[in-house]
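Everything on this sheet refers to the single structure shown next.
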Amino acid sequence: MMALAAVSAVALPLAGCGSEGPDEASGDSTELTSGPIEIWYSTNEQEIAWGDQVVEAWNAEHPDEQVTAQPIPAGSSSEDVIAASITAGNAPCLVFNTAPAAVPMFQRQGGLVNLSTTFEDGEEYITSRSGTAADGFRSADGDLYQLPWKTNPFMLYYNKDVFANAGLDPENPQLETYDDVLAAAKAIKDSGSADVVIYPPATADYTNVNFDFYPFFLANSDGTQLIEDGHATIASEQGMQTLQFWQTLYAEGYSSAEAYSGDMWAGPFADGVAAMGVAGPWGKGQFDGKVDYGVVPLPTADGKAADTTSTFADSKNVSLFTACTNQQTAWDFLKFATNDANDLALLEITGQFPTRTDVPELAADFLAENEFFQPFAASVPLAVDVPTVDGLAEKMQVFRDAWTGAVQSGDGDLTSTFEDAAASIDGISG
Amino acid sequence: MSTLRDAVPGADRSARHRDPNARRPGTRRRSRRVERLLGEHPLGLLLSSPYVAYVLVVFLIPFGFGVWMAFHDFFFTAPGVQVPHPFVGFDNFGQVLGDPAVRQAFGNLLVFLVINVPLTVVLALLFASGLDAVVHWKGFFRVSYYIPYVTASVATLTVWIFMFNGNGVVNRVLGDLAPDPTWLANQNLIMPLIAVYVTWKNLGFYVLLYLAALQNVPAELHEAAQMDGAGKWQRFRAVTLPGVRPVTSLVVLLTIIMTGQIFTEPYLLTGGGPDGASMTPALLMYQKGIQQGQPDVAAAIGLLLVLAVMILSLASRRLTERKG
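Sequence order for the protein chains is A and B.
One point on numbering: in this note's numbering, the residue at position 78 of the first sequence is 78, and numbering is uninterrupted.
One point on numbering: in this note's numbering, the residue at position 13 of the second sequence is 13, and numbering is uninterrupted.
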């Protein structure tokens, strides 16, 4: 009873969604005004430093349009917090950490401003900055409700000390194919040089798909999204190869189906518990000083050259929310925060790549001085995101449920389990 | 309807006699109406009004709204957004009942109940009886049992993860007898493990309830039974158990109600996995209502959960309050 009451308690204040006011779902506000605004950014140390720097520079030049910034309030996930704030009507003007997977739901809630139609230069600014990458973030109506902000192509990190102890070459680790990885995994396990070979988040939370199956599937399928043309792609030949690979990792004890009890994101690899980890360029900030690591492209069934290996983009974008009173200032600040200088600062401070067409030119000096980031920069054009479709969370949960049973626990027939899961996903509206 | 005072005129007269400033009949009628409306002590109403408001705002109105949601096509929107919420009858319930994940979640609750309820009753009574008999260190033991109950679940669960993970203390002790897959990744063991954890976490509260009940069992009954030649077990069965029956009934009722709320443990330990083996209706409501934007479906699950808990609670009262 308390459980129902809890959901209802959240819902009740939201029930007052009145019938008055403009049709904000369309994002067509009648008048754009300027004035103070509030923004939220990510909670990690580097992004807070970047955000504070940008806000300080803006505020110094705009005394009448002051920006107040804070990290996204604590919650089980950013998406849940933002969804709740939309419903409560107290969303900030901008969130510099919007997950593309959540945008359809925010849009359905009527929480997002249509950037394409609300601002005269909306389309032009976004497409000139991000090029065709912007098309990957268009909503079902063809418009943009998010500004593509940053891309974090995933690659495979490996612990050089563990590899050396296992008799593997730490400078040339031979991790191009699934068989290569399994052979290395056997050597690592036999040598006992690490507790686990690879240790992605293991719980049944739907977002964990992005940290085990999806990056490897994208690499193996030349960038096929989880859902294309309204149909799940997971039961394809490439999908089954990836599923089989992960099932073997769990069956042989190279990976653990238990939730990691330390820091879930950087922990197992940074702690030396896992010999390999999947992370974007931000991994440098997490792993430096903790492990001696190298980076290679994600493996595939047959092996692919680095310059043809797709990966997961793990993009985070910026959305403008309908609760914002001074939307003109929000748009002006958004353009300021994503200008050349601030985009470059984003890369330099956070190690994350702005989603723009001219990164190699813009960051030429930085990339020349920081070799580590060069393969990530090369991967940016090959980085693919989650599909922008309605009901994505539910669809990803269906996949994850099948994954925890058939892949992690090894229950049931792999092919039929994921054919059923694909059929279920296809049957979910959206 | 006439009141006692109306029926006994003398009572009124004597009252008037005692009170030279007695009100006129019209005023008295108004006063009676107010008394009927507000009760004999209106101050009590005033003092209880914050709690009434709390129950109304935090429970009854949201509950009513939850029921409404379950019968409509509903999702959360920003203020001012016009979205129709058509009545859909039992569609949400049909969707919920046709979902294998929901059936599995309720099945998991059943597993939890079968382990948690008897374990709680037996252990709480056992420890309470032991504590009742202890002469020294009574306070220390009470606090020891109570500490897990007042400690945040996040903290105690972390301890359990360290105990039961693959390289945890438990597996090290068990050695080759350790289960494979290990506890937190084992579909057959995860729900029993959660049930044992919750039993341990809440035990202190129930021990205190039983301790209070045991102290109210008349010592004379024990002495009389002893004089009749009853042994320890016979005295426990014939005197103690019937003496604490009301508390046993309460403990069973509370554990059933708390079972319906199981959320934190599977959420933190496994996210409901592996393969839904630790999924609970409350966790499913969170997934559907918050993560997947289907609060109407979540409300339908919640309503089914309320019904299930009510039925089980009524059944438990019938069973535990029945005289032996």
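Heads up, the beta-carbon is just placed ideally off N, CA and C, and yes, glycines get one too.
Inside the region 188-248 of chain A only - beta strand (DSSP E) runs reaching at least 3 residues: 196-198
Taking all protein chains shown into account, decide if A:G35 is buried (16 or more other Cβ within 10 angstroms of its Cβ) or exposed. exposed
Min CB distance A:G89 to chain B below 8 angstroms: yes
I'd like to know if the region 228-245 of chain A and the region 187-198 of chain A are in contact, where contact means that at least 3 CB-CB pairs between them fall below 8 angstroms. no
Between A:R108 and chain B, is any beta-carbon pair separated by less than 8 angstroms? yes
How would you list, in chain order, the residues of chain B whose beta-carbon sits under 7 angstroms from the beta-carbon of A:A257? P181, A185, P274
Exposed or buried, which one is B:A282 when buried takes at least 16 other CB atoms within 10 Å? buried
Flag B:L269 as yes if its beta-carbon sits less than 8 angstroms from any beta-carbon of chain A, otherwise no. yes
Beta carbon of B:T270, beta carbon of B:L211: below 8 angstroms? no
Measuring CB to CB, does A:T355 end up less than 8 angstroms from A:W50? no
As assigned by DSSP and simplified to three states, the class of B:A155: helix
I think B:K201 touches B:P266, with their Cβ atoms under 8 angstroms apart; what is that distance to the nearest whole Å? Rounded, the Cβ-Cβ distance is 14 angstroms, inconsistent with contact.
Mind reading off the beta-carbon distance from B:Q291 to A:Y206? Whole number of angstroms is fine, and I expect it under 8 angstroms. 7 angstroms
To the nearest whole angstrom, what separates the beta carbons of A:L320 and A:L112, a pair I think is in contact under 8 angstroms? 7 angstroms
Contact set between A:A393 and chain B, taken where Cβ atoms lie within less than 9 angstroms: Q287, Q291, Q292, G293
Where in the region 291-323 of chain A do unbroken runs of the beta strand (DSSP E), each at least 3 residues long, occur, reported from the N-terminal end onward? 293-296, 316-320
Neighbour flag for A:T325 against chain B, beta carbons, 8 angstroms: no
How about A:Y199: is its C-beta nearer than 8 angstroms to some C-beta of chain B? no
Interface flag, B:P50 vs chain A, CB-CB below 8 angstroms: no
Need the endpoints of the beta strand (DSSP E) that A:W149 sits in, please. 147-151
Is B:A195 near B:I115, with beta carbons less than 8 angstroms apart? yes
Determine which residues share a DSSP beta bridge with A:E38 and list them. A:T68
Checking the sheet assignment: what are the DSSP bridge partners for A:G277? A:Y157
Under a CB-based cut-off of 8 angstroms, is B:L312 close to chain A? no
With DSSP as the reference, label B:P79 as helix, strand or coil. coil
Starting from the beta carbon of B:T158, find every residue of chain A whose beta carbon is closer than 7 angstroms, and list them in chain order. S261
Is it buried or exposed, A:T151, if we count other Cβ atoms within 10 angstroms and call 16 or more buried? buried
Can you tell me whether B:L303 sits near the ligand PLP, meaning its C-beta is under 7 angstroms from at least one heavy atom of the ligand? The ligand PLP is absent from the structure shown, which contains no ligand whatsoever.
Please say whether A:D401 and B:A133 have beta carbons closer to each other than 8 angstroms? no
So A:E96 is in the beta strand (DSSP E); what residue range does that whole segment cover? Residue identity differs from the one stated: residue 96 of chain A is Phe in this sequence, not Glu. That run of the beta strand (DSSP E) goes 94-98.
Helix, strand or coil, according to DSSP, for B:L193 in the structure here? helix
Kindly indicate if chain A contains any beta-carbon less than 8 angstroms away from that of B:V81. yes
Distance, Cα to Cα, B:R172 vs B:N165? 10 angstroms
Given this structure, state the Cα-to-Cα distance separating B:L365 from B:A128, to the nearest angstrom. Any property of residue 365 of chain B remains undetermined from this structure, which presents chain B solely from 1 to 324.
The region 387-394 of chain A contacting the region 309-325 of chain A, beta-carbon criterion three pairs below 8 angstroms: no
Measure from the alpha carbon of A:L32 to the alpha carbon of each residue in A:L115, A:L175, A:T338, A:N210, then state which is nearest. A:L115
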